[in-house]
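So the sequence shown is residues 228 to 304, counted in this note's numbering.
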Amino acid sequence: QRMAAIVMAAVLLLAGGLAGSRLGSEFTPSLEEGDILLRVTMAPSISLTEAAATTTRVEKRLLDAFPEIKSIVTRIG
Numbered sequence: 228q229r230m231a232a233i234v235m236a237a238v239l240l241l242a243g244g245l246a247g248s249r250l251g252s253e254f255t256p257s258l259e260e261g262d263i264l265l266r267v268t269m270a271p272s273i274s275l276t277e278a279a280a281t282t283t284r285v286e287k288r289l290l291d292a293f294p295e296i297k298s299i300v301t302r303i304g
């Protein structure tokens, strides 16, 4: 009986793996929205001027590195 239980467990494990590999494509469709969220955390004591300058530098580096970027939205606060 022990060998039958081991064989049955192996068969169920393989069947579950096969079913899981096929279900992944149905439950998680590929989305190509083209959006990315980048969160920059700064010290709470930073001034608004410094925060604006920092975000401007980050935006410039992103635009230089990825020419396919069409727009950037920045929120401070």
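Beta carbons are placed, not taken as given, at the ideal position from N, Cα and C, and that holds for glycine.
All of these numbers come straight from a predicted model, not from anything done at the bench.
Is it true that the CB of T282 sits closer than 8 Å to the CB of V300?
no
Roughly how many angstroms lie between the CA atoms of D305 and I296, to the nearest whole one?
Given a span of 228 to 304 for the chain in the structure shown, any question on residue 305 remains unanswerable.
If M269 sits next to A279, beta carbons under 8 Å apart, how far is it from one beta carbon to the other, in whole angstroms?
The Cβ separation is near 11 Å, so there is no contact.
Would you please state the rounded distance, in angstroms, between the beta carbons of L258 and I303? I believe it to be under 8 Å.
Rounded, the Cβ-Cβ distance is 28 Å, inconsistent with contact.
How many Å lie between V238 and L290 at the Cα?
52 Å
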